[in-house]
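For the sequence shown, position 401 matches number 470 in the working numbering, and the numbering has no gaps at all.
Working notes for the structure below.
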Amino acid sequence: MTLPEQGRIHFIGIGGAGMSAIAKVLIERGHEISGTDMRESRATAALSGMGAQVAIGHDSTLVDGAAAIVYSSAVKKSNPELVAARRAGVVVLHRGEALASLLSSNRSIVVAGTHGKTTTSSMILSILKSAGLDPTYVIGGALQGVPINAGNGEDDVAVAESDESDGSFLLLDPSIAVITNIEPDHLDHWGTLEAIEEAFQAFIGTADCVVVGHDDKVARLTADRSEVRLVTYGDGGDISAGEVSLYAYSTTFVLLSPKTRLPLHLNLPGHHNLLNALAAVAACLSLGVGIEAVGVGLESFTGVERRYQMRGEKRNITVIDDYAHHPTEIAATLSAARLGPWRRVIAVFQPHLYSRTRALRAEFGAAFSEADVVVVTDVYAAREEPVPGVTGKTVSDAVCMCFFGRPVAYVPARKELLGYLAAQARPGDLVLTLGAGDITTLADELLEALDVEAA
C-alpha cells in the first residue's frame with residue numbers, strides 16, 4: 070500500500086512523534102494534510118502553522134473526501150474515523166506503510182534497536198548536513214527547540230528512525246540498516262526475545278549494508294546470520310574509540326577506523342552516547358561521507374530533547390530530564406549522572422506501560438544501582454489498560470529487594486510527588502526525572518516550586 074500522489078491525506082493521531090514527522094514531510098512535498106488528535110501539542114500547532122487542517126477530538130465526518138487515511142498502532146480499531154474510512158473504501162495505511170512509501174525513492178539509512186535510535190538518527194542527520202547533503206529525514210524525538218524532527222530534502226538520501234514495537238519496521242527497505250542493540254522489550258507484541266531476533270534478521274535481509282554494535286552479543290549474532298555486508302562499531306569493531314574521557318556533560322575520544330585517527334569532542338555525556346556516535350560514524354562512512362564532515366557533524370551536535378536534557382537549577386538543586394524507560398536505559402543514564410559533581414542523585418521514575426513493568430520488574434529493580442534516592446510514581450498507561458497487581462509499587466518493591474537500606478519511595482499521586490521532591494531535595498542534589506510518559510512536565514513544576522520556596 071502506497072501514499073496517493075494527489076488528494077488529501079488524513080492522519081488519525083497526527084500529534085504523535087512518528088505521525089507528525091511523516092505529515093510534515095508530506096506538507097513540504099506539496100500534499101494537502103488533515104488530521105486529528107486528542108489534545109493540542111507543539112506538534113499539532115506546528116503542523117497547523119504549515120497549513121494542515123488539525124482538529125482536536127475524533128469525528129467520522131472528517132474523513133469525508135480524503136484520498137487516504139494514515140493511522141498508528143496507538144489508534145484503536147473502534148476509532149470512528151478509522152471505521153468510517155474502511156466502510157467507505159478509502160485507502161487506509163498504517164504509519165509504517167506510509168513511512169515506507171515516503172522513503173521508497175531514496176537511499177535510506179534506517180536506524181533500529183531497543184535503545185539509542187533517536188540520538189543515533191539525529192547524529193547521522195547532523196553528519197549528512199555537514200557533508201553538504203540535503204537529506205529527507207523522519208526521526209521520532211525532537212531536536213533541541215524543534216517540535217518536529219523531520220524534513221523533506223532535495224537529495225536522494227534519507228535517514229529514518231524505525232519502530233520495532235509493533236513490527237512495522239519490517240515494512241522498510243533500507244540501503245543501510247543500523248542495529249544499535251537488541252534486548253527484550255515490547256514483549257506484549259513479540260512474546261519472546263527469539264521472536265525479536267528473527268524480526269531483526271528479516272529487517273536487515275534486504276539491506277546493502279548493516280551497521281551493528283560489536284559489543285552487543287545478540288545484535289551481532291543476529292547480523293552474523295545474514296549475508297549482508299557487515300560494519301561493526303565499538304570495542305574491537307571496525308569503528309572504535311580510543312583515549313576516552315567521560316565528563317559530566319561531554320565526552321572526548323579519538324575516533325579509530327582502518328584509515329583514520331581523529332580526536333573528537335562530543336557534547337553529550339555517557340558511554341552509551343559514545344556508542345551512538347560510533348554507530349552514526351559507521352553508517353555515514355558506509356554511505357561514502359568524508360571523515361571531515363563526520364567530525365564537524367558530531368562536534369556540532371547538541372542533543373535531542375528529553376535525552377539527559379538540562380531543565381534548570383534552583384537553590385543549587387539541578388533538574389535534568391531523560392526519556393529512559395527501559396532498565397538498560399535507566400542504568401546508562403544514571404551512570405552518566407554519576408560523572409557530575411552532585412551531592413546526591415535522586416532518580417524519579419514513571420514506569421511506562423503495564424506490560425513492560427510486569428515483564429521486566431526484576432531488571433527495573435537492578436537498574437537503579439547508581440541512584441542515592443529512588444522515587445517511583447504510578448505507571449503511565451499510554452495505549453494499555455491497567456493490569457491487576459501491576460503499579461509503580463511493583464518497581465519500588467523490586468528496587469528495595471535489590472538494594473536493602475536504599476531510600477526508596479512510592480508516591481503514586483502527581484500532586485504529592487511534587488511536594489515530596491520539593492521537601493526532599495537539598496542543595497547540591499541532582500533530581501533526574503526518568504520515563505517516556507508525562508513525567509517530563511514534572512521538571513518545570515519542580516523548578517517553579519523550588520523557586521517559590523526560595524522566595
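Just so you know, even glycine gets a beta-carbon here, dropped at the ideal spot from N, CA and C.
In this text, all values refer to a predicted model and were calculated from it rather than measured experimentally.
Q: Report all residues from its chain with a CB closer than 7 Å to the CB of D285; omit the five preceding and five following residues, and keep chain order.
A: One-based indexing of the sequence shown puts residue 285 at position 216. The residues are N250, I251.
Q: Can you grab the Cα-Cα spacing for the pair I389 / Q378, in whole Å?
A: Sequence index remark: in the sequence shown, residue 389 carries index 320 (1-based). Sequence index remark: in the sequence shown, residue 378 carries index 309 (1-based). Their Cα atoms are separated by approximately 5 Å.
Q: Give the DSSP bridge partners of T105, in chain order.
A: Taking the first residue of the sequence shown as 1, we reach residue 105 at position 36. Bridge partners of T105: I81, A124.
**Q.** M379 - partner residues in DSSP beta bridges
**A.** By one-based count along the sequence shown, residue 379 stands at place 310. According to DSSP, which records beta bridges pairwise, M379 is partnered with I389.
Q: Just mark P396 as buried or exposed, buried being the case when its beta carbon has 16 or more other beta carbons within 10 Å.
A: Residue 396 sits at position 327 when you count from the first residue of the sequence shown. With 16 or more Cβ atoms within 10 Å of its Cβ, P396 is classed as buried.
Q | the stretch 87 to 101 / the stretch 204 to 223 touching (three or more Cβ pairs under 8 Å) | A | yes
Q. Which residues share a DSSP beta bridge with T301?
A. Reading the sequence shown from its first residue, position 232 is the one you call residue 301. In DSSP, T301 forms a bridge with V281.
Q. Just the Cα atoms here: how many angstroms apart are L354 and I78?
A. Indexing the sequence shown from 1 puts residue 354 at position 285. Indexing the sequence shown from 1 puts residue 78 at position 9. Looking at the two C-alpha atoms, the distance is approximately 36 Å.
Q: Using DSSP bridges, identify the partner residues of E514.
A: Taking the first residue of the sequence shown as 1, we reach residue 514 at position 445. For E514, which the question treats as bridged, DSSP gives no partner whatsoever.
**Q.** 8 Å Cβ shell around H334 - same chain, five flanking residues per side excluded
**A.** As a first step, residue 334 is located in the sequence shown; it is residue number 265 there, counting from the start. Taking C-beta separations shorter than 8 Å and ignoring five residues to either side along the sequence, the partners of H334 in its chain run S319, T320, T321, E368, following chain order.
Q.
Taking a contact to mean a Cβ-Cβ separation below 7 Å, would you say V442 touches I399 in this structure?
A. As a first step, residue 442 must be located in the sequence shown, where it is residue number 373. As a first step, residue 399 must be located in the sequence shown, where it is residue number 330. For V442 and I399, no; Cβs fall outside 7 Å.
(Q) How far does the beta strand (DSSP E) with F418 in it extend, from its first residue to its last? (A) In the sequence shown, counting from the first residue as 1, residue 418 sits at position 349. Start and end: 414 to 418.
Q: Look at the Cβ atom of G87, then the Cβ atom of D106, and state whether they are nearer than 7 Å.
A: Taking the sequence shown and counting its residues from 1, one reaches residue 87 at position 18. Taking the sequence shown and counting its residues from 1, one reaches residue 106 at position 37. Result no, Cβ atoms of G87 and D106 do not sit closer than 7 Å.
**Q.** Within 7 Å, strictly: CB atoms of V179 and L202
**A.** Counting from one through the sequence shown, the residue named residue 179 turns up at place 110. Counting from one through the sequence shown, the residue named residue 202 turns up at place 133. Not a contact, by the Cβ cut-off of 7 Å.
Q.
Less than 7 Å between C-beta atoms, sequence neighbours within five positions excluded: which residues of the same chain meet that for R452?
A. Taking the sequence shown and counting its residues from 1, one reaches residue 452 at position 383. The answer, listed in chain order, is A143.
Q: Sort N336, F269, L501 by Cα distance to T188 and report the nearest one.
A: Working through the sequence shown from its first residue, we reach residue 188 at position 119. That would be N336, whose Cα lies nearest to the Cα of T188.
Q: Could you tell me how far apart the beta carbons of A431 and A467 are, in whole angstroms, since I believe they sit closer than 8 Å?
A: The residue labelled residue 431 in the question sits at position 362 within the sequence shown. The residue labelled residue 467 in the question sits at position 398 within the sequence shown. Confirmed, about 6 Å.
Q: Classify V132 as helix, strand or coil using the three-state DSSP reduction.
A: Working through the sequence shown from its first residue, we reach residue 132 at position 63. Per DSSP, reduced to three states, the secondary structure at V132 is helical.
Q) Can you give the beta carbon distance from L116 to A124, rounded, assuming they're within the 8 Å contact cut? A) Locating residue 116 in the sequence shown gives position 47, where the first residue counts as 1. Locating residue 124 in the sequence shown gives position 55, where the first residue counts as 1. Here L116 is actually not in contact with A124; their C-beta atoms are around 12 Å apart, not less than 8 Å.
Q. How many Å lie between L503 and G222 at the Cα?
A. Taking the first residue of the sequence shown as 1, we reach residue 503 at position 434. Taking the first residue of the sequence shown as 1, we reach residue 222 at position 153. Approximately 34 Å, taken between the alpha carbons.
**Q.** Residue range of the alpha helix (DSSP H) that includes G311
**A.** Residue numbering aside, residue 311 sits at position 242 when the sequence shown is read from its first letter. Note, G311: premise wrong, no alpha helix (DSSP H); beta strand (DSSP E) at 309 to 315.
Q.
With three or more C-beta pairs closer than 8 Å as the rule, is the stretch 456 to 467 touching the stretch 505 to 514?
A. no
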